[in-house]
Structure formats: structure tokens, C-alpha cells
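Numbering that gives the first Met the number 0 applies: residue 0 is where the sequence shown begins, and numbers increase by one. Here the structure comes first, spelled out in C-alpha cells, and everything after it is commentary.
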Amino acid sequence: MTRSVYVTGIDRGDGRQVVELGVMELLTRQVDRVGVFRPLLHHGPDRLFDLLRARYRLTQDPATVYGMDYHEASTLQAEHGTDELVSTLVDRFHTVARDYDVVLVLGTDFADTQFPDELSLNARLANEFGASVIPVVGGRKQPAESVVAETHNAYRAYEGLACDVLAMVVNRVAPADRDGIAERLGDSRLPLPVPCYVLPDEPALSAPTVAQITHALGGKVLLGDDSGLARDALNFVFGGAMLPNFLNALTPGCLVVTPGDRADLVIGSLAAHSAGTPPIAGLLLTLDERPSDEILTLAARLAPGTPVVAVESGSFLTASELFSMEGKLSAVTPRKAETALGLFERHVDTAELRGRVSAPSSDRVTPMMFEHTLLEQARSERRRVVLPEGTEERVLHAAEVILRRDVCDLTLLGPVEQIRKKAADLGIDLGDSMLVDPATSGWRDSFAEKYAQFRAHKNVSMELAYDVVSDVNYFGTLMVQEGLADGMVSGSVHSTAATIRPAFEIIKTRPDAGIVSSVFFMCLADKVLVYGDCAVNPDPNAEQLADIAIQSAATARQFGVEPRIAMLSYSTGTSGSGADVDKVREATDIVRSRRPDLLIEGPIQYDAAVEPSVAATKLPDSEVAGQATVLIFPDLNTGNNTYKAVQRSAGALAVGPVLQGLRKPVNDLSRGALVQDIVTTVAITAIQAQTPTPAAQ
Numbered sequence: 000m001t002r003s004v005y006v007t008g009i010d011r012g013d014g015r016q017v018v019e020l021g022v023m024e025l026l027t028r029q030v031d032r033v034g035v036f037r038p039l040l041h042h043g044p045d046r047l048f049d050l051l052r053a054r055y056r057l058t059q060d061p062a063t064v065y066g067m068d069y070h071e072a073s074t075l076q077a078e079h080g081t082d083e084l085v086s087t088l089v090d091r092f093h094t095v096a097r098d099y100d101v102v103l104v105l106g107t108d109f110a111d112t113q114f115p116d117e118l119s120l121n122a123r124l125a126n127e128f129g130a131s132v133i134p135v136v137g138g139r140k141q142p143a144e145s146v147v148a149e150t151h152n153a154y155r156a157y158e159g160l161a162c163d164v165l166a167m168v169v170n171r172v173a174p175a176d177r178d179g180i181a182e183r184l185g186d187s188r189l190p191l192p193v194p195c196y197v198l199p200d201e202p203a204l205s206a207p208t209v210a211q212i213t214h215a216l217g218g219k220v221l222l223g224d225d226s227g228l229a230r231d232a233l234n235f236v237f238g239g240a241m242l243p244n245f246l247n248a249l250t251p252g253c254l255v256v257t258p259g260d261r262a263d264l265v266i267g268s269l270a271a272h273s274a275g276t277p278p279i280a281g282l283l284l285t286l287d288e289r290p291s292d293e294i295l296t297l298a299a300r301l302a303p304g305t306p307v308v309a310v311e312s313g314s315f316l317t318a319s320e321l322f323s324m325e326g327k328l329s330a331v332t333p334r335k336a337e338t339a340l341g342l343f344e345r346h347v348d349t350a351e352l353r354g355r356v357s358a359p360s361s362d363r364v365t366p367m368m369f370e371h372t373l374l375e376q377a378r379s380e381r382r383r384v385v386l387p388e389g390t391e392e393r394v395l396h397a398a399e400v401i402l403r404r405d406v407c408d409l410t411l412l413g414p415v416e417q418i419r420k421k422a423a424d425l426g427i428d429l430g431d432s433m434l435v436d437p438a439t440s441g442w443r444d445s446f447a448e449k450y451a452q453f454r455a456h457k458n459v460s461m462e463l464a465y466d467v468v469s470d471v472n473y474f475g476t477l478m479v480q481e482g483l484a485d486g487m488v489s490g491s492v493h494s495t496a497a498t499i500r501p502a503f504e505i506i507k508t509r510p511d512a513g514i515v516s517s518v519f520f521m522c523l524a525d526k527v528l529v530y531g532d533c534a535v536n537p538d539p540n541a542e543q544l545a546d547i548a549i550q551s552a553a554t555a556r557q558f559g560v561e562p563r564i565a566m567l568s569y570s571t572g573t574s575g576s577g578a579d580v581d582k583v584r585e586a587t588d589i590v591r592s593r594r595p596d597l598l599i600e601g602p603i604q605y606d607a608a609v610e611p612s613v614a615a616t617k618l619p620d621s622e623v624a625g626q627a628t629v630l631i632f633p634d635l636n637t638g639n640n641t642y643k644a645v646q647r648s649a650g651a652l653a654v655g656p657v658l659q660g661l662r663k664p665v666n667d668l669s670r671g672a673l674v675q676d677i678v679t680t681v682a683i684t685a686i687q688a689q690t691p692t693p694a695a696q
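If you want it as C-alpha cells, here you go:
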């Protein structure tokens with residue numbers, strides 16, 4: 000039977016969309032087919048569903064998402080009564096539910112006076128849907144005592160209406176009160192019988208974006224790009240004072256509002272932004288006054304990408320409009336979505352909550368489920384990853400996602416002021432990231448000494464070592480070697496050789512690894528396979544091939560893939576002969592000798608390794624054939640071409656290459672890597688740096 004989760008509230012202004020997004024993230028990690036149902040909808044766009052559809056690649060027909068609009072509901076209730084309204088909504092819900100493993104129900108918004116008792120309506124619908132309820136209590140601008148009392152009252156209200164309360168969520172409480180409220184709600188003298196999670200108010204979520212403000216006020220964009228318009232306006236600073244006093248009023252993320260003829264404030268604001276003291280969201284010029292072309296040209300050079308928008312209204316009317324705006328989660332505000340998920344995952348025990356959702360378990364692992372699992376696993380044991388390419392735009396965007404999702408700690412390398420300026424121009428908040436310039440770092444001298452020691456057999460002098468360690472990849476590798484970072488990711492603008500050569504020279508291979516090799520995680524529609532080696536070793540001998548197989552099995556297990564190893568060749572079993580087949584056969588024997596605990600088959604052809612019907616004919620008694628999860632190719636030519644063929648022809652997501660065999664993790668990006676590729680690789684690197692469980696060793 001379909002299991003449903005009904006997220007609802009007790010009043011408006013609870014920021015429930017954060018919880019709805021967080022629960023959707025949790026459900027999509029657990030099952031493949033997740034549906035969405037909103038019983039009642041106001042006319043107009045449903046920004047949250049648009050976000051869910053885009054982010055989670057939902058194929059659900061939007062027409063099936065909604066039970067009915069409020070007008071239809073009120074008419075139906077008036078003419079035929081509440082029972083008929085509920086019955087109709089139940090029928091429409093089950094039309095959706097039959098096609099999905101689990102359904103997320105988005106409760107009513109408490110904004111319609113025609114339904115004065117929406118709490119009871121939500122409770123009844125949840126019961127009729129067979130859904131568990133997550134009530135959300137809003138705590139914004141409320142004293143802690145009131146929040147605690149309201150939470151207990153909300154639980155009693157839903158429990159009293161016979162609801163299965165899955166958990167309580169208190170949202171938007173004052174950050175200073177968050178821990179105290181959580182402690183009081185967990186007080187054993189007055190306990191809630193279900194988990195209760197307390198989320199602090201996050202200003203970036205309620206702040207409107209510059210794009211939202213521009214649209215609402217009918218503004219004209221004079222300068223700026225899409226990235227700049229996506230910035231959050233965390234507060235507003237109105238220009239009227241003389242420049243020195245005005246500059247003192249600027250705060251990080253503020254939107255400057257000033258008449259367009261105040262060229263001094265326009266240039267002063269952008270100059271301060273360019274210097275990073277502080278970075279602003281943009282400028283809003285009132286009274287439709289456009290600065291001169293010379294001023295705009297200078298402004299564009301001072302702060303490329305920073306939005307400058309002109310509006311017709313005066314400062315007073317503009318101010319009243321601005322203070323009435325509130326940011327919204329939507330498909331066009333991906334930064335807010337990352338912030339919301341980071342907030343949810345920091346303050347909600349997702350493992351506990353997931354355990355309380357009795358959604359059917361599935362052996363299917365989709366690419367999205369695998370990516371979600373990586374982020375969660377990386378977050379479970381925090382590590383620091385160094386990114387040598389700190390001035391690269393894609394790396395900065397990836398860093399922002401990693402920080403907002405609270406995946407791991409980061410160190411970015413490069414000229415510090417250049418990194419800060421580039422981040423400010425992109426509207427990116429690097430938070431508590433460590434920024435280090437190898438050329439001026441206090442570690443450079445000690446790193447040079449270390450490198451000279453490592454390369455003494457090559458007669459590397461201190462003078463040469465001092466120059467070498469100023470290279471960002473060498474510097475980052477030495478940070479990992481010296482324990483100042485746990486892993487490194489590079490390669491978005493550097494060659495593979497430039498990225499991994501320092502690791503070979505400095506970190507070197509593990510004692511139990513004969514060579515460094517690599518794997519790709521091939522995320523197919525319903526499972527994840529591990530391919531090795533497709534990137535490093537051109538023509539491994541039998542001993543090296545066995546080493547690759549053993550390493551790949553360990554990597555697979557560390558990332559939740561139970562290893563069943565197929566040693567691939569152009570023949571299966573004893574049907575073929577020749578040097579290439581003999582190499583694979585010998586490698587298989589070596590693995591069996593070294594690791595009798597591993598399930599392995601070889602030589603075996605690809606189709607016999609992964610297709611049960613073929614395996615039943617060729618190797619009917621094999622424990623691996625037809626269900627292999629780790630596929631080891633005999634050489635780089637075969638492996639590299641196969642992974643690319645599967646990636647293109649089957650639409651598989653290829654994650655990697657993931658290097659294995661080094662003492663500490665270093666991973667290489669392709670120079671065409673997208674932001675999400677970088678995020679995923681950083682998460683993998685953080686996981687590799689974690690203490691391996693006995694099962695993963």
C-alpha cells in the first residue's frame with residue numbers, strides 16, 4: 000500500500016515550504032517513484048511544485064497534482080457539504096497514489112477565509128488519505144514560551160483528531176532561542192511522544208532576490224547578469240546621506256536604494272563592493288533616473304555582474320513595496336533551495352525521520368538516489384577538502400552549493416583578494432571557507448622543506464622546491480599530506496597530469512596497493528555499477544589487474560555497492576584462449592588467492608556479467624554472472640571506450656574518475672566539469688577521507 004506523508008501547519012507564515020522541500024529530498028533518497036498531491040490550490044503558479052518537478056525530475060502530469068482550487072472547493076462544500084468535498088478529494092488523491100511508491104501531500108495554506116477551520120480539514124484529509132502528518136509550527140517573532148506552548152497544542156490538536164503524527168517541526172524561531180526551545184521540547188517532564196525538530200529563522204530564505212524585486216516593481220535592468228539578479232537582498236540601505244556616512248551604513252548583501260542622479264553613491268557603493276567591504280546585492284535607482292553612460296561604464300568595470308536596476312517610483316513608495324516583499328522557493332531560485340535543504344538537514348535527524356516513514360524499500364538505485372546518498376554520507380563525518388582552483392567560476396558556484404548544503408569544510412587556493420572579488424561579483428557567499436594564497440602563505444617555507452625531502456633522490460634544491468610549492472596543485476597536495484586538509488579536488492582548468500602528478504610524488508600509494516587506479520560509478524536507470532580502470536593504467540599486467548579488482552571492490556563497498564566482481568574479457572569461462580584471456584584468468588586466480596572472501600568471476604563477457612538470461616546459459620552456477628556490480632576491464636582502451644559508450648547510449652550518469660590506491664584522497668575533474676559534477680566529486684573525496692567501517696575495508 001502506498002505510504003503518504005502529509006505536511007501541514009496551524010497558521011500562515013510558518014515557512015512550511017522548507018519542510019516540504021526537505022521531506023521531498025528525504026523521500027527521493029529512499030524510493031524511486033515519489034508523487035505529489037496538493038488538495039487545494041489558489042489560482043496562479045505553484046512555485047513549489049515547479050521547483051520539485053525541476054529539481055527531482057518529476058514526470059508526473061501537473062494536472063494530477065491538484066485536487067481542486069479554493070473556489071471549486073467552497074462551491075462544492077456549500078452545495079453538497081463537507082463530506083462530498085472530502086470524498087471528491089480522496090478520489091482524486093487515490094488516482095495519483097496508485098502510480099507511486101509514496102506521495103508527498105502539501106497541506107492547505109491557511110489563507111482562505113472560506114475555510115475557517117483548515118486544521119480540522121487537513122487532519123481529516125490526512126486520515127482519509129491514510130497519510131502520516133508532519134505539523135509545522137511557525138515561531139517567527141514569537142517568545143520562546145509561546146512557541147513551546149503552541150507546539151504542544153498543535154500536537155494535541157492533530158493527535159486528538161486521530162492523526163498519525165510522524166514528527167513535529169518548529170520553524171523560523173529566533174536563532175538565539177533555537178537551542179533553548181529544542182531543549183524544552185525534549186524535556187522528559189513534559190515530553191512529546193514523537194520527534195520534534197527546531198529550525199532557526201534563516202534571513203536568506205525570506206529575503207527577496209533582485210530579480211523578484213525587479214519584476215515586482217517593473218524595473219529596467221541597466222547592468223548585471225542572471226547570476227547577479229539571483230542575489231538575495233538581505234536588507235535595504237536608502238541613499239540620502241553624504242558618501243562617507245552612507246558607506247558606513249552598508250552591510251553584506253544589502254540592496255542600495257538611491258536616486259539615479261546620485262553618482263557619488265552609485266560609484267561609492269560599487270567601489271566598496273569591488274573591495275569586498277562589504278559585497279552588496281545591487282543598486283535600485285528610483286524616479287527612473289538613469290546615470291550617464293560614463294558612470295554606467297565605470298560601474299560595469301568596478302563590479303561586473305552586479306545588478307543596477309531603474310524603477311519609476313520614488314523612494315518612499317519603493318520602500319513600502321520593498322518591505323512588503325518576501326522571498327519564495329521556486330525553480331528560478333536554486334540558491335534558496337540549497338539554503339533551505341542545508342537548514343533542514345542541519346537541524347532534522349533525517350535518518351530518524353526516514354526510519355519512521357514506512358515507505359516500501361527498493362533494490363532500485365537511481366542516479367538521483369545515489370547522488371543524494373553521497374551528500375548524506377559526506378555530511379555524516381565532516382572532512383575538509385581543498386580546492387586549488389579557487390578563482391574558477393564553476394568551482395566557486397560548487398563551493399556555494401557545498402556550503403549551503405553543509406556537506407564538508409572547504410579551503411580555496413589562489414590570490415585571496417581575487418577569490419573574494421570574483422565571489423562578490425558572482426554574488427556568492429563563501430561563509431567560513433578558508434582562503435589561502437600559496438604565494439604568500441606562511442606554510443610555503445615548511446612545504447618547500449617537506450617537498451625537498453620528498454624529492455631528495457631527484458636532487459631537488461630548496462630554491463626549486465620553494466618555486467614548485469607555489470603551484471596550487473602542489474600546495475594543495477602538501478596540505479593534504481600534512482593533515483591541513485583531508486582531500487583535494489582539482490582539474491577543472493588543469494590537466495589530469497598537473498592534478499595527480501603531485502599526489503604520486505608526495506602522497507604516494509597505500510602499503511596495500513600496488514598501483515593507483517580509478518573507477519567510474521555508472522548510474523544506470525535502476526542500479527549503480529562500478530567500472531575500473533577506465534582512466535589511469537593503459538595496459539595492466541595480471542598482478543596489477545588483480546590489484547585494481549581488489550581496490551575497486553573496496554571502493555564499491557565504501558559507497559554502498561555490494562561488490563560482485565566480473566573480470567571482463569572477450570570470452571567466458573574456458574571457452575577462449577590467448578594472451579589477453581590468460582591475463583584475465585591469472586588475475587582472477589590472484590584475487591581468489593589474496594581475497595577468498597570476495598565474489599569474483601572471470602574471464603567473463605560483459606553480457607554474461609550483467610544479463611541474468613545470458614548468464615543462465617553461459618555460467619548457470621555462478622554467484623556473479625548476471626548480477627555483477629564491479630566490472631574490471633582488461634585495459635584502458637576497452638574500459639574508457641565502454642564507459643563512454645554506455646554513458647551516451649544508455650543515458651547513464653558517469654561519476655568519476657575516482658582515484659583509488661593513494662594514501663590520502665585526491666581526485667581529478669574533467670575540464671568540462673559542470674557545477675554538479677564538482678559538488679559530487681567533492682562529496683566523494685570527503686567520503687574517501689572518512690574512517691572506513693570494517694565492512695568497507
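For every residue, glycine included, the Cβ atom is placed at its ideal position computed from N, Cα and C.
- In its chain, beyond the 5 residues on either side, Ile564, Val590, Ile631 have a beta carbon closer than 6 Å to the beta carbon of Ala548.
- For Arg353, same chain residues with a beta-carbon under 7 Å away, outside a window of 5 residues either side, are Leu25, Gln29 in chain order.
- The three-state reading of DSSP puts Ile506 in coil, since its state is none of H, G, I, E or B.
- Counting only runs of 4 or more residues that sit fully inside the segment 124–174, the alpha helix (DSSP H) segments are 143–159, in chain order.
- Per the C-alpha coordinates, the member of Thr317, Val527, Gly304, Glu351 positioned closest to Gly426 is Gly304.
- In this model, Phe446 and Val468 are separated by some 7 Å (Cα to Cα).
- For the options Gly21, Ala672, Thr684, Ala685, the alpha carbon positioned closest to that of Glu344 is the one of Gly21.
- Unbroken beta strand (DSSP E) stretches of 3 residues or longer found wholly inside the segment 447–527: 486–489, 516–522, given in chain order.
- Annotation for Leu328: no alpha helix (DSSP H) segment contains it, and DSSP assigns it neither H nor E.
- Beta-bridge partners of Thr208 (DSSP): Asp231.
- Residue state for Gln59 is assigned as coil, using DSSP reduced to three classes.
- In this structure the segment 232–241 touches the segment 207–223; the number of beta carbon pairs closer than 8 Å is three or more.
- Under the 8 Å Cβ criterion, the segment 507–514 does not count as touching the segment 632–640, having fewer than three qualifying pairs.
- Annotated three-state conformation of Ile603 is strand, per DSSP.
- Here the alpha carbons of Ser3 and Pro278 stand approximately 44 Å from one another.
- In the DSSP assignment, Asn636 falls within the unbroken alpha helix (DSSP H) covering 635–648.
- By the Cβ neighbour-count rule, His456 is exposed, with fewer than 16 other Cβ atoms within 10 Å of its own.
- Pairing Ser489 with Ala615, the inter-Cα distance amounts to about 44 Å.
- Note on Pro202: under 16 other CB atoms within 10 angstroms of its CB, so exposed under the neighbour-count rule.
- Between Cys533 and Ala651, the gap from beta carbon to beta carbon reaches 8 Å or more.
- Measuring C-alpha to C-alpha distances from Asp60 to each of Val33, Met324, Ala72, Glu71 identifies Val33 as the nearest.
- In the DSSP assignment, no residue is bridged to Ala398.
- In the DSSP assignment, Val310 falls outside any beta strand (DSSP E), carrying neither H nor E.
- Annotated three-state conformation of Pro619 is coil, per DSSP.
- In terms of Cβ geometry, Gly281 and Gly223 form a close pair [threshold 8 Å].
- Straight-line measurement puts the Cα of Ala627 at about 14 Å from the Cα of Gly559.
- At a Cβ-Cβ threshold of 8 Å, Arg123 and Val147 do not count as neighbours.
- Between the beta-carbon of Val364 and that of Ala682 there is about 16 Å, and that puts the pair past the 8 Å contact cut.
- Comparing alpha carbon positions, the residue from Val400, Leu50, Asp408, Val435 closest to Gln417 is Val435.
- Beta-carbon to beta-carbon, Asn472 and Ala451 are separated by about 17 Å, too far to satisfy the 8 Å threshold.
- The DSSP-derived three-state label of Val415 is helix.
- For the pair of segments examined, the segment 285–302 was found to touch the segment 258–268: the number of CB pairs separated by less than 8 Å reaches three.
- For Asp68, the uninterrupted beta strand (DSSP E) segment begins and ends at 65–68.
- Inclusion of Gly8 and Gly106 in the CB contact set at 8 Å is warranted, their separation being smaller than that value.
- Bounds of the beta strand (DSSP E) holding Met433 are 433–435.
- Nearest neighbour of Gly441 by Cα position, chosen from Asp408, Leu483, Val331, Asn170, turns out to be Leu483.
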